[in-house]
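Asks: One structure coming up, written as structure tokens, with questions to follow.
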Amino acid sequence: MIQLFRVSKSFGTSKALQDINLRIRKGEFVFVTGPSGAGKTTLLRLIFGTEPPTEGQILIRGINLNRIRRTSLDLLRRRMGFVFQDFKLLSRKTVFQNVAIALEVTGERPAIVRKKTHQALKAVGLSKKEELFPLQLSGGEQQRVAIARAVVNDPLILIADEPTGNLDPDITRDIMILFRSINLRGTTVIIATHSQELMKDTEQRIILLKEGRMLRER
Amino acid sequence: MIQLFRVSKSFGTSKALQDINLRIRKGEFVFVTGPSGAGKTTLLRLIFGTEPPTEGQILIRGINLNRIRRTSLDLLRRRMGFVFQDFKLLSRKTVFQNVAIALEVTGERPAIVRKKTHQALKAVGLSKKEELFPLQLSGGEQQRVAIARAVVNDPLILIADEPTGNLDPDITRDIMILFRSINLRGTTVIIATHSQELMKDTEQRIILLKEGRMLRER
Amino acid sequence: MGLRNWAYYSKHAFINIFGNRLVHAISIGTIASSLILFGSFILLFYNLNHWMLEWGQSLSMSVYLQDEIDQKTKARIESLLKNLPSAELKEYISKDRAMEDLIDGLGVHSGLLEGLKENPLPASFEIIFKDVNIRQLDPQGMKEEIEKIEGVQEVQYSEEWLDRLEGLVYVLKVAGFIIAGFLCLAVLFITTNTIKLTIYSRRDEVEILKLVGATDWFVKMPFLIEGAIQGLVGGVIALSTISLLFLLFSMDKVHIIGLPVLEIVFLPMAHLAFIILLGLILGLIGSFIAVGRFFDA
Amino acid sequence: MGLRNWAYYSKHAFINIFGNRLVHAISIGTIASSLILFGSFILLFYNLNHWMLEWGQSLSMSVYLQDEIDQKTKARIESLLKNLPSAELKEYISKDRAMEDLIDGLGVHSGLLEGLKENPLPASFEIIFKDVNIRQLDPQGMKEEIEKIEGVQEVQYSEEWLDRLEGLVYVLKVAGFIIAGFLCLAVLFITTNTIKLTIYSRRDEVEILKLVGATDWFVKMPFLIEGAIQGLVGGVIALSTISLLFLLFSMDKVHIIGLPVLEIVFLPMAHLAFIILLGLILGLIGSFIAVGRFFDA
Ligand SMILES: Nc1ncnc2c1ncn2[C@@H]1O[C@H](COP(=O)(O)OP(=O)(O)OP(=O)(O)O)[C@@H](O)[C@H]1O
Ligand SMILES: Nc1ncnc2c1ncn2[C@@H]1O[C@H](COP(=O)(O)OP(=O)(O)OP(=O)(O)O)[C@@H](O)[C@H]1O
Ligand SMILES: [Mg+2]
Ligand SMILES: [Mg+2]
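Residue numbers (this note's numbering), protein chains in the order written: chain E, 1 to 218; chain D, 1 to 218; chain B, 1 to 297; chain Y, 1 to 297.
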């Protein structure tokens, strides 16, 4: 599903990622962890195609991101969901519109857009806040809007960057159950997190980064 | 130091806070906790004077925020530090400038501004990133810039909203030590957080909010 | 692009206009005021041209009468002249007035006339042909025609100054087009810049839409529609303002600027439509350029 | 406000200009082009005025000579006239030419002159007084002075048409000021709107600065300085462009627009300074209005 060969990423002189080799299979559930500034977000963004690697090759479903055309990347993104660490919500659009947009870009029928958007917002417990704007929400609520947008289009790959940093333990549990159930339906899930608790009682694969290098896997 | 009498806050029909009575003494170290959307951020913003309460009175150092003049509020804010849940960094200014601004508004001398800014950035482990812009930082690094800005002017009151949501356990420990040491020097510290870990081994006072009401204190 | 896409684009354009109404209002104001500048110039220029042409196209003729005609013949000639197509009878100059005019005209040399026993000058009718295309008029044929009337001694017209005026009209036209061209450039520049700024203040939207897999067109279309609407509304506002200004200046008593009472005419429909169209096109071009910019960055 | 504050304000203004250079460039472009419109109009208007005045202020005099003077006397008169302050000797009209002119002028009535045995018209020198303030000239005194010269028969000048021209110049002036006023309003509107948009795209800065306890002035000052700089730079760019346009149009061979060769003059220093000052003031006012808006919201 996802393959990285000798991938490095530098910003000017600072090396965010160095020599990463990684293979994630379809339907896997993977945690990426490591201290602040280790390169977790950078790794996820490379997989999502937002940044090109400085060196190395990245293959998603057999497609090399270095060689992909703009329009194919758009199509690929529609099959992926991304929960951004800073949410990236449209502040001038309502919660509903923010989630619906991920379906609208695919050209989905309005009736289905409405139904799926309502479902996704219900799954993160925000049914009552559909008509509010992001700035009228609490931090945790905003994060859940971001999660709803990422899962609304039944992605093949779900990438979540610190998706529970602003959530309380109860909701965190609900969200993890949501991710697991999506994973059980065949979606590959990659989650970057600091939270020991999140990874505590799982048997899942854990990738540990430190200063841009892959230290070990479990 | 901080007193709230029968304070309520509504946004339209939704009640974010209801009938809060609270007294925080000088030099206290207080946690505010509760589920997502409970009203933690709203409470901190009321104390900081960013939002007026719908009902009730708030006194900071004996001054009633309902009656305070605009310029006095500016002066009061200079004695307070606030770590915002969404950081609120100036994206067009460097890390250094972002932190220095909190001193510059007070009319501090340039030499002292430089010295204190370097110190604060060192305390959060960002000495090497002074000349970068916020968007060139990882989420945790941005959060630490926000912390540095909040502590740089030796505030009388330090308010931090989920200050470790994007930080790994090691750095979280460092930041908590920083907050404790500031507290020991006489600063009143109020921290809103979901993290059980953060509050686990402390004897500190904890205020629990739920659906806008104060449930219990410890 | 299917119908459904257009529904989305329009929907989002309107959602965006509502969500960013302050920015849109500011932008529309700027576009409108630069179009007002442009339109006012066109109106002014159109009127100058109109005055010039009216002035230039009035061929004037002097119809000299025989000395010995009676009142009845004179009245018949007058009515015949009045009925000439597009002719306007300006005045009747009697023999005495003709002599006075001549004396005035001679100035110091009027002493020359002192020896005359009787007034040798004929009376005349002055006529003007207005609102006609000078090129279609046949003054020579006209002259011969009128000279056939009983009691008419001679007909004179002067053509020479027409060329001069036509030259002036030409210069005015060329200068007008050059200035209009410059103005158009400036308006285009201002409009695109304004729309650039409105889009710039929303560059995060472009970024986020691309992140959820929107095609370039999906992102651009609402901006283009918004730009077109801004331009259109700006154009309509500009046109309304110009119409108002026109009404103000064409009121009966426009002595505020001390202008001799000139008939002010409004723009023809085609010009009006042009200003609105210009707004629309500028809005489209502006947003097209502007939104393009934020795709490469 | 102390010196240290000013240092901060200026420092931050420059940091901001650098950090938002795209927005500033766009804004400066808009301000410059609207000032170019304004300045070009002023230049055009100034030149029209100049031509009018030059034309209007040339008082012309006819100096009629006695019939029987010899070449020497004539040469003496000529040199005396040439030495009159700011006078220009236009031409010498001989007795024969005077008669030809009269025949032309009389047109059909020239038959009147048929009976004359000899030419009764005097020869004359035509002189023009240029570049003088017509009000300071004393034509009557001048006339009497010249008539004292030996060989001069009579001096004539006509003043009547001066009033008419002065009326025209007045109309032009009033119309010009009205148009300039409108333009000024439009430029003010465009400039403030543009700066509003630049500040709007940075409203988060205003919010964050207020959150760290900045006084209103601490937040506003850099914006005001930025606005002033934008206006100033816009003004300088506008002035440079206008100067370039001027050079282009005042080149020897400006037959592109078919204008009769008129001497084009540039604006005086005061006007130049005014355009830059206007830019500065508009920038200041624009940012003042714009930044004020984001304090109440
Ligand atoms: N655009 C950029 N320009 C310069 N440096 C960058 C840029 N983006 C990231 N970096 C640097 O790369 C390093 C890795 O950043 P990254 O965001 O991947 O960390 P992270 O593991 O996600 O950290 P956190 O847990 O704090 O979010 C950081 O040191 C950061 O400063
Ligand atoms: N400007 C606003 N307009 C409308 N509702 C608002 C506004 N600000 C906050 N709220 C509502 O008030 C409630 C409390 O929000 P608050 O941000 O205080 O929660 P919180 O305890 O900080 O949550 P979190 O842990 O998720 O940050 C939320 O339900 C939120 O939707
Ligand atoms: Mg990160
Ligand atoms: Mg909160």
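By construction, the Cβ of each residue, glycine as well, lies at the ideal position given by its N, Cα and C atoms.
Along the chain, where does the beta strand (DSSP E) that runs through Y/Q156 open and close?
Replies: One-based indexing of the fourth sequence puts residue 156 of chain Y at position 156. Element bounds for Y/Q156: 152-157.
Asks: For a cutoff of 8 Å on Cβ pairs, would you count D/D74 as touching chain Y?
Replies: Your numbering for residue 74 of chain D matches position 74 in the second sequence. Interface criterion met: the Cβ of D/D74 is under 8 Å from a Cβ in chain Y.
Asks: May I have a chain-ordered list of the beta strand (DSSP E) segments no shorter than 3 residues that lie completely inside the segment 3-79 of chain D?
Replies: 14-24, 29-33, 55-60
Asks: Anything in chain Y within Cβ reach of B/G33, meaning under 7 Å, just list it in chain order.
Replies: In the third sequence, residue 33 of chain B corresponds to position 33, counting from 1. Per the sequence presented here, residue 33 of chain B reads as Ser, with Gly not at that position. Chain Y residues near B/S33: A186, F189, I190.
Asks: Does the Cβ of D/L65 have 16 or more other Cβ atoms within 10 Å, making it buried, or fewer, making it exposed?
Replies: Position 65 of the second sequence, counted from the first residue, corresponds to residue 65 of chain D. When all chains shown are included, D/L65 counts as buried.
Asks: For the segment 160-174 of chain E against the segment 72-85 of chain E, do three or more pairs of beta-carbon atoms, one drawn from each stretch, fall closer than 8 Å, so that the two count as touching?
Replies: The segment 160-174 of chain E makes contact with the segment 72-85 of chain E: 3 or more CB pairs, one atom from each, lie closer than 8 Å.
Asks: Within the continuous beta strand (DSSP E) that includes Y/I77, where are the two ends?
Replies: The count along the fourth sequence starts at 1 and reaches residue 77 of chain Y at position 77. From DSSP, Y/I77 is part of no beta strand (DSSP E) but of the alpha helix (DSSP H) over 71-82.
Asks: Between the Cα of Y/A13 and the Cα atoms of Y/T241, Y/S34, Y/L280, Y/G227, which residue gives the shortest distance?
Replies: Here residue 13 of chain Y refers to the residue found at position 13 of the fourth sequence. The shortest Cα separation from Y/A13 among Y/T241, Y/S34, Y/L280, Y/G227 belongs to Y/G227.
Asks: Within a Cβ cutoff of 7 Å, which residues of the same chain sit near Y/N303, ignoring the five residues on either side of it in sequence?
Replies: Residue 303 of chain Y lies beyond the residue range present for chain Y, which begins at 1 and ends at 297; the question has no answer from this structure.
Asks: Which residues of chain B have a Cβ atom closer than 7 Å to the Cβ of E/V7, listed in chain order?
Replies: The count along the first sequence starts at 1 and reaches residue 7 of chain E at position 7. Near E/V7 there are no residues of chain B at all, since even the closest Cβ is about 21 Å away, more than 7 Å.
Asks: Under the three-state reduction of DSSP, which class applies to Y/I229: helix, strand or coil?
Replies: On the fourth sequence, position 229 is the one that residue 229 of chain Y refers to. Helix.
Asks: Under 8 Å by Cβ, that's how I've got Y/A238 and Y/A32 pegged, so tell me the actual separation to the nearest angstrom.
Replies: As a first step, residue 238 of chain Y is located in the fourth sequence; it is residue number 238 there, counting from the start. As a first step, residue 32 of chain Y is located in the fourth sequence; it is residue number 32 there, counting from the start. Their Cβ separation, rounded to whole angstroms, is 5 Å, which keeps Y/A238 and Y/A32 in contact under 8 Å.
Asks: DSSP three-state label for B/S201, please.
Replies: What you label residue 201 of chain B is simply residue 201 of the third sequence in a count that begins at 1. DSSP places B/S201 in coil when its eight states are reduced to three.
Asks: Does D/D174 get closer than 8 Å to chain E when you measure Cβ to Cβ?
Replies: Along the second sequence, read from residue 1 onward, the residue named residue 174 of chain D stands at position 174. No, its Cβ sits nowhere closer than 8 Å to a Cβ of chain E.
Asks: So B/K196 and Y/I26 are in contact, right, with Cβ under 8 Å, and what is the actual spacing, rounded?
Replies: Taking the first residue of the third sequence as 1, we reach residue 196 of chain B at position 196. Taking the first residue of the fourth sequence as 1, we reach residue 26 of chain Y at position 26. Rounded, the Cβ-Cβ distance is 5 Å, consistent with contact.
Asks: D/D154 CB to nearest chain E CB: under 8 Å?
Replies: By 1-based counting over the second sequence, the position of residue 154 of chain D is 154. It does not: the Cβ of D/D154 has no partner Cβ on chain E nearer than 8 Å.
Asks: Just the C-alpha distance for B/V291 and B/D204, rounded to the nearest angstrom, thanks.
Replies: Counted from its first residue, the third sequence places residue 291 of chain B at position 291. Counted from its first residue, the third sequence places residue 204 of chain B at position 204. Taking the straight line from one Cα to the other gives about 12 Å.
Asks: Whose Cβ in chain D lies nearer than 7 Å to the Cβ of E/T41?
Replies: Residue mapping note: residue 41 of chain E aligns to position 41 of the first sequence, counting from 1. Simply S138, G139.
Asks: How would you list, in chain order, the residues of chain E whose beta-carbon sits under 7 Å from the beta-carbon of D/Q196?
Replies: Here residue 196 of chain D corresponds to residue number 196 of the second sequence, with the count starting at 1. Simply P169.
Asks: Return yes when the C-beta of E/T41 is under 7 Å from any heavy atom of ligand 1, and no when it is not.
Replies: By 1-based counting over the first sequence, the position of residue 41 of chain E is 41. Under cutoff, so the answer is yes.
Asks: Is it true that the CB of E/T117 sits closer than 8 Å to the CB of E/L103?
Replies: For this step, residue 103 of chain E is matched to residue 103 along the first sequence. For this step, residue 117 of chain E is matched to residue 117 along the first sequence. Their beta carbons are under 8 Å apart, which means E/L103 touches E/T117 by this criterion.
Asks: Establish whether the CB of D/Q219 and some CB of chain E are separated by less than 8 Å.
Replies: Only positions 1 to 218 of chain D appear in this structure, which leaves residue 219 of chain D out of reach.
Asks: Using DSSP with H/G/I as helix, E/B as strand and the rest coil, what is D/S181?
Replies: Here residue 181 of chain D refers to the residue found at position 181 of the second sequence. Helix, per DSSP.
Asks: In the DSSP assignment, find the alpha helix (DSSP H) that holds E/T117 and state where it starts and stops.
Replies: Your numbering for residue 117 of chain E matches position 117 in the first sequence. Counting along the chain, the unbroken alpha helix (DSSP H) around E/T117 starts and ends at 110-123.
Asks: What does the Cβ neighbour count give for B/G141, buried or exposed, with the cut at 16 atoms within 10 Å?
Replies: As a position in the third sequence, residue 141 of chain B is number 141, starting the count at 1. The residue in question, B/G141, is exposed, as its Cβ has fewer than 16 Cβ neighbours within 10 Å.
Asks: Whose CA, out of Y/L65, Y/M99, Y/R293, Y/H50, lies closest to the CA of Y/R202?
Replies: Translated into the one-based positions of the fourth sequence, residue 202 of chain Y becomes position 202. Looking at the Cα atoms, Y/R293 is the closest of the given residues.
Asks: Are the beta-carbon atoms of E/V189 and E/F48 separated by less than 8 Å?
Replies: Taking the first sequence and counting its residues from 1, the one referred to as residue 189 of chain E is at position 189. Taking the first sequence and counting its residues from 1, the one referred to as residue 48 of chain E is at position 48. Cβ distance not < 8 Å, so E/V189 and E/F48 don't count as in contact.
Asks: Going by beta-carbon coordinates alone, are E/K40 and E/A192 separated by less than 8 Å?
Replies: Indexing the first sequence from 1 puts residue 40 of chain E at position 40. Indexing the first sequence from 1 puts residue 192 of chain E at position 192. The answer is yes: Cβ separation under 8 Å.
Asks: Comparing C-alpha positions only, which one of Y/S94, Y/L80, Y/I285 sits nearest to Y/E88?
Replies: Within the fourth sequence, the letter at position 88 stands for residue 88 of chain Y. Out of Y/S94, Y/L80, Y/I285, the CA that lies nearest to the CA of Y/E88 is found in Y/L80.
Asks: Would you call D/S72 buried or exposed, if buried means 16 or more other Cβ atoms sit within 10 Å of its Cβ?
Replies: Residue numbering aside, residue 72 of chain D sits at position 72 when the second sequence is read from its first letter. The residue is exposed, with fewer than 16 neighbouring Cβ atoms inside 10 Å.
Asks: Given 7 Å as the limit, tell me if D/K210 has its C-beta closer than that to any heavy atom belonging to ligand 2.
Replies: Locating residue 210 of chain D in the second sequence gives position 210, counting from the first residue. Answer for D/K210: no, Cβ out of range of ligand 2.
Asks: Return the CA-CA distance between Y/F177 and B/G39, expressed in angstroms with no decimal places.
Replies: Reading the fourth sequence from its first residue, position 177 is the one you call residue 177 of chain Y. Reading the third sequence from its first residue, position 39 is the one you call residue 39 of chain B. Roughly 18 Å separates the two Cα atoms.
Asks: Need the endpoints of the alpha helix (DSSP H) that D/V189 sits in, please.
Replies: Numbered from 1 along the second sequence, position 189 holds the residue referred to as residue 189 of chain D. First-last for D/V189: 188-192, but that is the beta strand (DSSP E), not the alpha helix (DSSP H).
Asks: Tell me the DSSP bridge mates of D/I206?
Replies: For the purposes of this step, residue 206 of chain D is identified with residue 206 of the second sequence, where counting begins at 1. D/F31.
Asks: Check the Cβ-Cβ distances between B/A228 and every residue of chain E, and say whether any is below 8 Å.
Replies: If you number the third sequence from 1, residue 228 of chain B lands on position 228. For B/A228, no CB of chain E lies under 8 Å from its own CB, so it is not counted at the interface with that chain.
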